[in-house]
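Structure first, then comments.
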Amino acid sequence: MDSRLCLFLILLLPVLSHAGTTLQDIAFDNQRPLPERVAAIREITGISADTPVERRLCIWDPNGRKGPVFMAANIQRARALRYGVKLEVVPYTSESVITEELKAGLCDAGLISGLRARLFNRYSGSVDAIGALPSAEHMRILLEVLAHPRSADKMVSGDYVVLGIAPAGAAYVFVNDKRINTLGKAAGKRVAVLDYDRTQSQMVAAIGATPVSTDLLTAPNKFNNGIVDVLPAPLAGYALMELHKGMEPDGGIIDYPLTQLTLQLIGRKDKFPNEVAQLIREEFYKSYDLIMARLRVEFQKVPERWWIDIPEQDKQAYEVMMQDARLVLREQGYYDPRMLTLQRKIRCKLEPSRAECTNGITRSRM
Numbered sequence: 000m001d002s003r004l005c006l007f008l009i010l011l012l013p014v015l016s017h018a019g020t021t022l023q024d025i026a027f028d029n030q031r032p033l034p035e036r037v038a039a040i041r042e043i044t045g046i047s048a049d050t051p052v053e054r055r056l057c058i059w060d061p062n063g064r065k066g067p068v069f070m071a072a073n074i075q076r077a078r079a080l081r082y083g084v085k086l087e088v089v090p091y092t093s094e095s096v097i098t099e100e101l102k103a104g105l106c107d108a109g110l111i112s113g114l115r116a117r118l119f120n121r122y123s124g125s126v127d128a129i130g131a132l133p134s135a136e137h138m139r140i141l142l143e144v145l146a147h148p149r150s151a152d153k154m155v156s157g158d159y160v161v162l163g164i165a166p167a168g169a170a171y172v173f174v175n176d177k178r179i180n181t182l183g184k185a186a187g188k189r190v191a192v193l194d195y196d197r198t199q200s201q202m203v204a205a206i207g208a209t210p211v212s213t214d215l216l217t218a219p220n221k222f223n224n225g226i227v228d229v230l231p232a233p234l235a236g237y238a239l240m241e242l243h244k245g246m247e248p249d250g251g252i253i254d255y256p257l258t259q260l261t262l263q264l265i266g267r268k269d270k271f272p273n274e275v276a277q278l279i280r281e282e283f284y285k286s287y288d289l290i291m292a293r294l295r296v297e298f299q300k301v302p303e304r305w306w307i308d309i310p311e312q313d314k315q316a317y318e319v320m321m322q323d324a325r326l327v328l329r330e331q332g333y334y335d336p337r338m339l340t341l342q343r344k345i346r347c348k349l350e351p352s353r354a355e356c357t358n359g360i361t362r363s364r365m
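Going by numbering that gives the first Met the number 0, the sequence shown opens with residue 0, and the numbers climb by one from there.
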């Protein structure tokens, strides 16, 4: 992540008044230059390197201390101290442990997948909705909207606040047999699903396949060892998870993105007031291009031979299936309807000829 994220570390006190100006007035004024906003907040709060505050940041990285996500976060410690924050950065290989320790107050903030973030904020946790963002450009526009002060109120839910959302690239379907290139051909196959997400099991069962419960850490091994035939996974994880092992010799990757994934930094509201969190969210968005450039390096590690082309009519079938799934999951309270509406507006902005944009489909189908 961009080193400017160290500025998120002017963290941390309730809204204060100073000559009629509140912390919120300063933090939410994105027309001010960032250094000016930071300096003003420092003046009001009195935070300095001489009187540092302590915060514990828990980072999910499947590779632990040697992983790229943890190392990017850990290099902020020295910078943070200069801004008056003594930052403890702790790696976790288990998302479930982070979520429990965040709830228990043992972590002041946790960097987790957007799928898991839904447990803390249904609005931001619906960013990763299946099929809702067809491309990285759709994601960029959405993250720009979410980083704007006008979205600030939606970033708070209960005791938690969304401190930032970063792109993690698209997820695709990896198969051990390239003949599994349509929904119908997935019938009878074993499909990896997340153990904490019952809706995935329902969707897999609906197409006649067999859901196999797993988690983000063990799912790649189950695919590589032949325990599952089908694995939805981030393309950026191809090399890191050695997914070629599960595809050899006759498998591949269906050339149609299921969703655009995210990593989300979720903080405790008593440790990170939303006024300060606003600065963090803006800095996350400013790092979008840098993060995507790093992701593209990982995308390029996927050999062309693995891609499985599918007919246009099958792509349309996928689109209809995912649209119907979003509707069902919205009605079940899984996805936030406000987020689905926003995503539909972005799809129609970029592709106004889409059927959902031209045939009167509005709030009933998203």
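Positions of the beta carbon are idealized from the N, C-alpha and C atoms, including for glycine.
Predicted model only: the values in this text are computed from it and were never measured.
| Item | Value |
| --- | --- |
| Cβ distance (whole Å) where Q322 is taken to contact G130 below 8 angstroms | 7 angstroms |
| Close Cβ partners of Y317 (< 6 angstroms) along its chain, the five nearest in sequence each way excluded | Y255 |
| Span of the beta strand (DSSP E) around F173 | 159-174 |
| For V192, the nearest candidate out of F173, E99, R293 (CA to CA) | F173 |
| Residues of its chain near S156, where Cβ-Cβ distance is below 6 angstroms and the 5 sequence neighbours each way are ignored | N120 |
| Any 3 or more C-beta pairs closer than 8 angstroms across the stretch 111-126 and the stretch 164-182 | yes |
| Own chain residues within Cβ distance below 7 angstroms of I345, not counting five before or after | H137, I140, L141 |
| Distance CB(I253)-CB(I309) smaller than 8 angstroms | yes |
| Residue environment, I74, which counts as buried when at least 16 other CB atoms sit within 10 Å | exposed |
| Under 8 angstroms between C-beta atoms of G250 and D152 | no |
| The stretch 277-297 in contact with the stretch 201-218 per 3-pair CB rule at 8 angstroms | no |
| T340 burial status per 10 Å Cβ neighbour count (16 or more: buried) | exposed |
| Unbroken beta strand (DSSP E) run spanning S212, endpoints | 209-213 |
| Contacts around K300, its chain only, beta-carbon distance under 7 angstroms, and the 5 residues preceding and following it disregarded | Y237, A238 |
| Among R117, A103, P51, K65, nearest to E87 - alpha-carbon criterion | P51 |
| Contact under 8 angstroms by Cβ, R64 with P90 | yes |
| As assigned by DSSP and simplified to three states, the class of L105 | coil |
| Nearest residue (CA-CA) to S134, options T357, A354, C356, R343 | R343 |
| Cβ distance (whole Å) where A169 is taken to contact L234 below 8 angstroms | 6 angstroms |
| Where A146 sits in the DSSP three-state scheme | helix |
| Other residues of its chain near R76: CB distance less than 7 angstroms, five sequence neighbours each side excluded | L86, V88 |
| Which listed residue (E303, A354, M291) has its alpha carbon closest to that of Q315 | A354 |
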